[in-house]
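Protein chains in written order, with this note's numbering: chain A, 1138 to 1724; chain B, 1138 to 1724. Report on the following structure.
There are 2 protein chains.
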Amino acid sequence: MATLPGVITRMSTLFLRTLRDDPADAEVPSHKLLVRAGYIRRTAPGVYSWLPLGLRVFRKIEDIVREEMNALGAQEILLPALLPREPYETSGRWTEYGDNVFRLQDRKGNDMMLGPTHEELFTQLVKGEYSSYKDLPVILYQIQTKYRDEERPRAGLLRGREFVMKDSYSFDTTDAGLDHSYDLHRAAYQRIFDRLGVQYVIVAATSGAMGGSASEEFLAECEVGEDTFVRCVESGYAANVEAVITPVPAELPYDDAPAPVVHETGQTPTIDTLVAWANQALDGRSVEAADTLKNVLVKIRKPGEDWVITGIGIPGDREVDFKRLEASVEPAEVELLTDDDFAANPALVRGYIGPKGVQAAGGTYLVDPRVVTGTRWITGADEAGKHVVDLVAGRDFTPDGVIEAAQVRAGDPSPDGQGVLETARGIEIGHIFQLGRKYADAFELDVLGENGKPVRVTMGSYGLGVSRMVAVIAEQRHDDKGLVWPREVAPFDVHLVIANKDQAAVAGAQQLAEELDAAGLQVLFDDRKASPGVKFKDAELLGMPTVVVVGRGWAEGTVEVRDRATGEATAVPIDGAIEAIIAAVRG
Amino acid sequence: MATLPGVITRMSTLFLRTLRDDPADAEVPSHKLLVRAGYIRRTAPGVYSWLPLGLRVFRKIEDIVREEMNALGAQEILLPALLPREPYETSGRWTEYGDNVFRLQDRKGNDMMLGPTHEELFTQLVKGEYSSYKDLPVILYQIQTKYRDEERPRAGLLRGREFVMKDSYSFDTTDAGLDHSYDLHRAAYQRIFDRLGVQYVIVAATSGAMGGSASEEFLAECEVGEDTFVRCVESGYAANVEAVITPVPAELPYDDAPAPVVHETGQTPTIDTLVAWANQALDGRSVEAADTLKNVLVKIRKPGEDWVITGIGIPGDREVDFKRLEASVEPAEVELLTDDDFAANPALVRGYIGPKGVQAAGGTYLVDPRVVTGTRWITGADEAGKHVVDLVAGRDFTPDGVIEAAQVRAGDPSPDGQGVLETARGIEIGHIFQLGRKYADAFELDVLGENGKPVRVTMGSYGLGVSRMVAVIAEQRHDDKGLVWPREVAPFDVHLVIANKDQAAVAGAQQLAEELDAAGLQVLFDDRKASPGVKFKDAELLGMPTVVVVGRGWAEGTVEVRDRATGEATAVPIDGAIEAIIAAVRG
């Protein structure tokens, strides 16, 4: 970021007012601090303005992202935010986005939208320019303002409605080429987040509404994060909850298993009441919720097909995680059964559903991967007030398939077999996708192959939140006094404070500011008339990594160099101050 | 603009395809060439995408604007484009903008708009942060994407619907302070446009819908420009047509003027038919259109008042220029009379209107500044088929006022009395305004003055078209072969072409590219397999200022250095090639 030599930023004229109190609408630390420290201001719900200090952080992040994208060979372009409807109609996303995009009409009544992501337009663009396999691969990117009409914009910059992303798109003729483009991005993202000083994990992810196959998310570890993920300390495995694959236990022998028996269980429509009944009624058996088979009824509709009633059987000690269920059936839709559905299917007895009832009603019966052949279950007998005991999978019922829909819990075995999972929270800061040919199919993006025949192109899509990153870093790098910026993104290298009214000290501070500036450091110069106490508090709130105080020590020939992160303060002789400060900044 | 040492831009992989033919929708040279040369692509009407070369020019212009804004002491911030309705409701512009803004609603039904300019939000922002006269003056700016729903987007980037502007706003407590902030901008704009190599004029302007007083436009001289301006070669005077002030001739004696006589003139509803009648009917008189007084009827409505019928009397050899009329009455609205209006006012006889009829109908009668006391006119007698001859201004009728509404013509005397005006066309590239207290009044932006009493702030608003400038420069700097970029904004310093298949030449060119890059030059390296002819054509179309050819001369130990602007080509020994090229680039 270019500074102008000779134009030192003085707090006496800087457009900055710090606030003593937290803003009323702020819940998370980064939001509170960025507003209190005068980095950002709210303009509308989920829409923020960048004030001078905030903009400097934002631009430094942008520059780092740009450098690393250029280094991997990606080419920067810039597409508009105001987009026509047609390409999104072609891909089907005009409808799919629902209320999540801002839609508008121009004065001629043409439908337009504010772009939330640009797969369609990049696909169209490449189709317009390129025609031969020799033109590929190509990776294009932009750093651009995006819009999403979030239902609940929250946490300041963490979930906004207008925000800046780096989005890039790779175009290859082969799957191996796509793998390579994907790997280039993965490595570039690691370099970017490392340079930004962010603590993050890479988690396996499902692809969400974007379609496609391989996909990973970069999550900044953060208590206030909206995304829950799991990881295994022993093995380093980490995944989005939606992407966790349940380890399948071995099948059990069931030759000596007793035959299933239907019992009158009375009013036992819940797992708790069923377990209580079993422990009382089944002599000598100790029954737990995990011994029961909970059957949850939903209906699932594949694109262009009818709704199919589906029973999902999971161990009774778990709930169905609807997000995992949705991710498993995508692109099909899933809904809970309505009263009308039950009325239309008398074979389905609410509270007493069993595998057979579902299949008898013409439905599909899917089970959790733990429900392997030979496992024995207490479950519904498809009659009010009745359950069946010792129903053996693979003997007494045959599921139509397996589905990942049960909740994932801390302590569950890691899918890689090397330990157990723990859960944690994070903020999505990057997402890399192998889209495959979804968009190339929609737009018929072909190039002529080496043999003269058309080859369908395969694509990747890679997002990185640039404006969000300002808040993510603030979230990870602050203390109770204020922000603590890493050097790479701090608005200024040095915060120079005059804390001595003596004429010589003031003149000396001025000279120091000029010399630091001339040495190429970015200096924020607190030349205000305020008291030292007010200035020190502001310096802590604003969070520059190095604070230099021209204070009481001036008379004895020293200035104080403070490290914002460690709190360490060192008296440095004025004579060697420039060199000492440069050393502190350059580390 | 940062280049990455070691990452040389190669045309073999650059996302660039030049086109042989002009795009069908392009009319002006800059539009044709920027599309043909692969700098931009159209995404929707008036909405463009920047490809790699175009983006580089755009960023260089942005950087120059930023440098000069910082140098004048302005502070950069960044506001959103997606804006709430309320502030624009407060200023009255939510309604005033009419169809010219993009409006939308969010998922909760809140009205929002895409910002066309940000006076309201900057005013609010300063009100939120500042409270004392000691805080001022301050100048804030942003370089930001703006939206206008133009009725006829045209000429590529010259009149787009999504575009980037630098807009700045000054806040002062005194008029003298505002003058100073205005002068700072005027000087900065001159530096910016000089650095960009643009030929421009500064013209006096009316303030348009922005309100306020002093205002000047920076127009790039350009045949395809939409703005007509006038200038006086002798004096250097230049003005927007709307801002031209008609020199007032001296009053004439009328003691010996004959009394007015009403004549039956038959079917003479137009000036032409009236002049023909007069030359035939008035013995010995030679009558010209300029001897007749044309009365045009409009109605004018001041904000919050009723429509007032208004007659405008101008010499019959001129038309009313509606834009000048609108500018004169602003902020009042003006419309032509409807049939209903005539029906309701029988004193107004179409084709035969005279000054008295207008006033008899209760209307206001305003005249062109040339209609001074003592001038004699042939004009309508307010009866069908009748005109009056020798009607003397100030004797036979007394106008209610003077108005600038007549068209300005080449050959008119310059307002400064030093010659005559000529007309020319230009593209608006900058506009500086003294807004005064219009927005401060709307938002009650006060600061506490030195005496403890509130002082209303006075503001300036300053716009500069950043994305438009790419097209303006292309429009002024091209020839029949392609673009001819000035060095300050060219995408690359040097276009290095391999035009020799010899292995040694190819290797030599590669080494030359690396050495030029290492020397800090930005190199576009044409390493494609295409023929020399194709490459030379592309080099001319793309328009880098210096083209270096590794061609036939290689065997004799020379490369060719071509100047794109002059066409001059020089054979340079390979040994000193780097130094010679650097000298050519650095000028």
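Note that beta-carbon positions come from the ideal geometry of N, C-alpha and C, so glycine has one too.
Inter-stretch contact at 8 Å, needing at least 3 Cβ pairs: the segment 1381–1390 of chain B / the segment 1589–1606 of chain B: By the Cβ rule, the segment 1381–1390 of chain B does not count as touching the segment 1589–1606 of chain B, because fewer than three pairs are nearer than 8 Å.
Backbone secondary structure at residue 1428 of chain A - three-state DSSP: In this structure, residue 1428 of chain A counts as helix in the three-state DSSP scheme.
Opening and closing residue of the beta strand (DSSP E) in which residue 1559 of chain B lies: Per DSSP, residue 1559 of chain B is one residue of the beta strand (DSSP E) stretching across 1559–1573.
Chain A within 9 Å of residue 1230 of chain B, Cβ atoms only: At a cut-off of 9 Å between beta-carbon atoms, residue 1230 of chain B makes no contact with chain A.
With 16 other Cβ atoms within 10 Å as the buried cut-off, status of residue 1473 of chain B: The residue in question, residue 1473 of chain B, is exposed, as its Cβ has fewer than 16 Cβ neighbours within 10 Å.
Closest residue to residue 1623 of chain A among A:1691, A:1518, A:1479 and A:1681 (Cα-Cα distance): Residue A:1681 is the option with its Cα nearest to residue 1623 of chain A.
Amino acids of chain B, ordered along the chain, whose beta-carbon sits closer than 8 Å to that of residue 1217 of chain A: Chain B residues near residue 1217 of chain A: 1180, 1181, 1184, 1185, 1186 and 1299.
Neighbourhood of residue 1147 of chain B by C-beta, 7 Å cutoff - its chain only, sequence neighbours within 5 removed: Here the set comprises 1662 and 1664.
Every unbroken beta strand (DSSP E) within the segment 1629–1657 of chain A, with a cutoff of 3 residues, ordered by chain: Listed in chain order, they are 1631–1635.
Helix, strand or coil at residue 1270 of chain A according to DSSP, with G and I counted as helix: Helix at residue 1270 of chain A.
Distance, residue 1361 of chain A Cα to residue 1165 of chain A Cα: One C-alpha to the other measures close to 7 Å.
Among A:1691, A:1181, A:1617 and A:1611, nearest to residue 1641 of chain A - alpha-carbon criterion: Nearest of A:1691, A:1181, A:1617 and A:1611 to residue 1641 of chain A, Cα basis: A:1691.
Under the three-state DSSP convention, the category residue 1214 of chain B falls into: The answer is coil: DSSP assigns residue 1214 of chain B none of H, G, I, E or B.
Minimum Cβ-Cβ distance from residue 1602 of chain B to chain A less than 9 Å: So no, residue 1602 of chain B is outside the interface.
Proximal chain B residues relative to residue 1189 of chain A, where beta-carbon distance stays under 7 Å: Simply 1212, 1213 and 1214.
C-beta contact flag for residue 1240 of chain B and residue 1241 of chain A at 9 Å: Yes, Cβ-Cβ distance for residue 1240 of chain B and residue 1241 of chain A is below 9 Å.
Listed by chain order, chain A residues near residue 1284 of chain B by CB distance under 7 Å: Within chain A, the residues near residue 1284 of chain B are 1219.
Alpha-carbon to alpha-carbon, residue 1597 of chain A and residue 1349 of chain A: No answer about residue 1349 of chain A holds up, because its pLDDT of 45 lies below 50 and its placement is not dependable.
Beta carbon of residue 1535 of chain B nearer than 9 Å to that of residue 1448 of chain B: Their beta carbons are not under 9 Å apart, which means residue 1535 of chain B does not touch residue 1448 of chain B by this criterion.
Partners in chain A for residue 1663 of chain B, counting only beta-carbon separations shorter than 7 Å: Contact annotation for residue 1663 of chain B against chain A: no contact, minimum CB-CB distance about 16 Å [criterion: below 7 Å].
Rounded separation between residue 1347 of chain B and residue 1226 of chain B - CA only: For residue 1347 of chain B, the pLDDT reaches just 43, beneath the cut-off of 50, and the residue's location in the model is therefore unreliable, although a value from the coordinates is still provided. Near 15 Å, if we compare the C-alpha coordinates of residue 1226 of chain B and residue 1347 of chain B.
Continuous beta strand (DSSP E) assignments of at least 3 residues falling wholly in the segment 1414–1467 of chain A: Runs of the beta strand (DSSP E) inside the segment 1414–1467 of chain A: 1430–1438 and 1444–1452.
Min CB distance residue 1251 of chain B to chain A below 9 Å: Residue-level contact by beta carbon holds for residue 1251 of chain B and chain A, with a gap shorter than 9 Å.
Among A:1471, A:1351, A:1331 and A:1253, nearest to residue 1442 of chain A - alpha-carbon criterion: For residue 1442 of chain A, the nearest C-alpha among the options comes from A:1471.
Check whether residue 1634 of chain A and residue 1688 of chain A have beta carbons under 9 Å apart: Yes; because the gap between Cβ atoms is below 9 Å, this pair is in contact.
Members of the segment 1286–1297 of chain B near chain A, C-beta cut-off 7 Å: Of all residues in the segment 1286–1297 of chain B, only 1286 and 1288 place a beta-carbon less than 7 Å from a beta-carbon of chain A.
Rounded straight-line distance, which links the Cα of residue 1464 of chain B to that of residue 1344 of chain B: Only weak support is given to the placement of residue 1344 of chain B: the predicted model assigns it a pLDDT of 43, under 50, and the value that follows is read from those uncertain coordinates. Using only the alpha carbons, I get a separation of about 8 Å.
Any chain B beta carbon closer than 9 Å to residue 1599 of chain A: Closer than 9 Å: no.
Residue 1207 of chain A, DSSP secondary structure in three states: In the displayed model, residue 1207 of chain A falls within a helix according to three-state DSSP.
Sub-9 Å separation of residue 1603 of chain A and residue 1303 of chain A beta-carbons: Yes. Within cutoff.
Residue burial classification, residue 1310 of chain B (beta-carbon count within 10 angstroms, cutoff 16): With at least 16 other beta carbons inside 10 angstroms of its own, residue 1310 of chain B counts as buried.
The segment 1243–1258 of chain B in contact with the segment 1207–1216 of chain A per 3-pair CB rule at 8 Å: With the cut-off at 8 Å, the segment 1243–1258 of chain B and the segment 1207–1216 of chain A do not touch.
Rounded Cβ spacing between residue 1504 of chain B and residue 1450 of chain B (contact assumed at less than 8 Å): By a beta-carbon distance limit of 8 Å, residue 1504 of chain B contacts residue 1450 of chain B. Their separation comes to about 4 Å.
Residue range of the unbroken beta strand (DSSP E) whose run includes residue 1302 of chain A: Judged by DSSP secondary structure, residue 1302 of chain A falls within the beta strand (DSSP E) whose first and last residues are 1299–1309.
Among A:1572, A:1408, A:1512 and A:1461, the one whose alpha carbon lies nearest that of residue 1352 of chain A: Of A:1572, A:1408, A:1512 and A:1461, the residue nearest in Cα terms is A:1572.
Selected residue, minimal CA-CA separation from residue 1204 of chain A, among A:1337, A:1406, A:1189 and A:1279: Answer by Cα proximity: A:1279.
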